[in-house]
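Engineer:
Residue numbers (this note's numbering): 10 to 566.
1. Which residues in the same chain as residue 605 place their Cβ atom closer than 7 Å to its Cβ, once the five residues preceding and following it in sequence are excluded?
2. Using DSSP's beta-bridge definition, name the partner residues of residue 280.
3. Please determine if the region 493-507 and the region 105-123 are in contact, where contact requires at least 3 C-beta pairs separated by less than 8 Å.
4. Among 170, 164, 71, 65, whose alpha-carbon lies nearest the alpha-carbon of residue 155?
5. Check whether the region 138-147 touches the region 214-231, counting contact only when three or more Cβ pairs, one atom from each stretch, lie closer than 8 Å.
6. Among the residues of its own chain, which have a CB less than 6 Å from the CB of residue 393, if the five just before and after it don't count?
7. Here's a check: name, in chain order, each residue in its chain whose Cβ is nearer than 6 Å to the Cβ of residue 265, leaving out the five neighbours to either side.
8. Within 10 Å of its beta-carbon, does residue 49 have 16 or more other beta-carbons around it, so buried, or fewer, so exposed?
9. Which class does residue 411 belong to by DSSP, given the choice of helix, strand or coil?
10. Can you find the residues in the same chain that come closer than 7 Å, C-beta to C-beta, to residue 465, ignoring five residues on each side of it along the sequence?
11. Confirm, please, whether the CB-CB distance from residue 258 to residue 209 is below 8 Å.
12. Taking 8 Å as the cut-off, decide whether the C-beta atoms of residue 166 and residue 77 are in contact.
13. Quick one: measure Cβ to Cβ for residue 507 and residue 542, integer angstroms, because I've assumed they're closer than 8 Å.
14. Following the continuous beta strand (DSSP E) through residue 317, name the residue where it begins and the one where it ends.
15. Quick one, are the C-beta atoms of residue 196 and residue 102 less than 8 Å apart?
16. Return the bridge partner residues of residue 200 from the DSSP annotation.
17. Buried or exposed for residue 83, please, with buried defined as at least 16 other CB atoms from any protein chain shown within 10 angstroms of its CB.
18. Extract the residue ranges of the beta strand (DSSP E) inside the region 85-131, only unbroken runs of 3 or more that lie entirely within it.
19. Tell me, to the nearest whole angstrom, how far the beta carbon of residue 201 is from that of residue 164; I am working on the premise that it is less than 8 Å.
20. Under three-state DSSP, which class holds residue 452?
21. Would you mind working out which of 185, 528, 512 sits nearest residue 216, comparing C-alpha positions?
22. Residue 534 and residue 559: beta carbons closer than 8 Å?
23. Beta-carbon within less than 6 Å of residue 87's beta-carbon, same chain only, minus the 5 sequence neighbours each way: which residues are those?
24. Would you check if the distance between the CB atom of residue 396 and the CB atom of residue 373 is smaller than 8 Å?
25. Please name the residue in 521, 540, 526 whose C-alpha comes closest to that of residue 552.
26. Mapping the DSSP letters down to three states, classify residue 29 as helix, strand or coil.
27. Based on the DSSP output, what are the partners of residue 264 in its beta bridges?
28. Among 58, 285, 79, 106, which has the Cα closest to the Cα of residue 70?
29. In three-state terms, what does DSSP make of residue 569?
30. For residue 486, report the span of its alpha helix (DSSP H) as first-last.
31. Could you tell me the distance, in whole angstroms, from the CA atom of residue 360 to the CA atom of residue 234?
32. Just to confirm before moving on: does the CB-CB distance between residue 300 and residue 317 stay below 8 Å?
33. Would residue 444 and residue 486 qualify as a contact pair, given that the criterion is a beta-carbon distance under 8 Å?
34. Could you tell me which of 349, 425, 432 sits nearest to residue 441, measuring between CA atoms?
35. Give me, in chain order, the residues of the same chain whose beta-carbon lies closer than 6 Å to that of residue 294; leave out the 5 immediate sequence neighbours on both sides.
36. Run the CB neighbour count on residue 418, radius 10 Å, all protein chains shown included, and call it buried at 16 or more, exposed below.
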């Protein structure tokens, strides 16, 4: 069978949680506590499978891979139960210990038990699905675009992660993933568990293991403003191999005094097994290895036992060399590194010479040109910024906006194509699709309906437009956003845009009054633009109690 992708549902028992006031660690989300009461809930899941593996992915639980089944051995690669394992811990007070979770630090993500957006990823030849993308605004200035995929002829699952700092300030970060509680063993540039799961990073290395987690670094580091960190890892399960001695991308080997077991992740025909015994004798065995079958050999004729084993393919390329399983990794965390120096916004022209800041300096010079309605000059500034930081998909997006406002719109809009390549689930791309439309229908835009699952995205895009000094675009966006979801912060941002743009005092006051009608829901305001808007409005409308209460909430951050 080829790679298959399908939607299903699964019933899980989960302990009920109680939301409390946000803490400095949980902000902008409420803190959580366990209640001791459980209930059954039906979750929408996405099933990704090939002939050898079956992955169950839950977008409603932070995009985690809840279950990974090895169809060859009819076993779970990591523990699975229909009752989700929750425990005290993490920045929000409760952590979910089920399945494989993507990390941006040493603990669970703030939204690790929340909904992420997801979309199938189709192969280039359009013959079928290649995998699944999911995306998230992390609530701390980071965003994630994550891809799960499986090759059609290999027993492995690939995880590709793109972590991006959306802000103009350094952001603490340490990418990785976690599942269960296991011991890790370093095997060359890969990592291996004693029960036979091999993690093989691509070009980037994982430097630290801790419990069931693998991390990019052994300390918290910083993503610079608009910096992208991309990493990928392939997971190869070899649960069928007893007495494991070593594993590679191609196969795993294990032996005892009585038998030799080899399991391959792909088809290897015309191979050869070379064994060295404790008496320094050598034995050779021909081998045709297939991933769906466990190869087992009797060692009754090798009484003195194996001390080393090598497997070669038909071209005599060494696929694996095994002796004894190595020691468990016992490294420790190092101290958090200091954040890099921030951009001096008062010296933008000088900062264009600083190698660490020149992409940001050109970006902010472009924002200044947008304020002056010099859209072509703004696009030129963004082009300069991209020369030094081409992985910044938000600058590709804002350059596309500037080109549109300047009337320089190409048919295929290459800037948006580049942004989509870097971040397929970036919500700002949907925003530009709406803002670029020539007419506004009476009904709300269907293009934006998917964003309703993650209300924060409406606020995020409004803040990006205000940050870029595109106040008219921001007002147009917020007007449409309110047709989808009416939230107090959208009203406050619209009032702020009115005051900062055309000084529409009456209209701003009306929006402040309308904001009171809606209950503020998490995530609470945390972006600099949100805080600036609330502080500005509180000074302009000092008698408004709702603004004071909103600012009181933000003091927790």
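By construction, the Cβ of each residue, glycine as well, lies at the ideal position given by its N, Cα and C atoms.
Structural biologist: Well, looking at it:
1. In the structure displayed, the chain extends from 10 to 566; residue 605 sits before or after that span and is not available.
2. 296
3. no
4. 170
5. no
6. 371
7. 252
8. exposed
9. Helix, per DSSP.
10. 146, 532
11. yes
12. yes
13. Not confirmed; about 11 Å, so no contact.
14. 315-321
15. Taking 8 Å as the cut-off, the beta carbon of residue 196 is found no closer than this to the beta carbon of residue 102.
16. 195, 208
17. If you draw a 10 Å sphere on the C-beta of residue 83, you find fewer than 16 other C-beta atoms in it, and that means exposed.
18. 95-97, 103-105, 110-112, 126-131
19. Actually they do not touch by this definition, with Cβ atoms about 15 Å apart.
20. coil
21. 185
22. Judged by beta-carbon spacing, residue 559 lies within the 8 Å limit of residue 534, meaning their Cβ atoms are closer than that value.
23. 188, 189
24. no
25. Residue 521 holds the alpha-carbon nearest to the alpha-carbon of residue 552 among 521, 540, 526.
26. strand
27. 269
28. 106
29. Any answer about residue 569 is impossible in this case: the structure gives the chain only from 10 up to 566.
30. 480-493
31. 14 Å
32. Not a contact, by the Cβ cut-off of 8 Å.
33. In contact: residue 444 and residue 486 (Cβ atoms closer than 8 Å).
34. 425
35. Here the set comprises 282.
36. exposed
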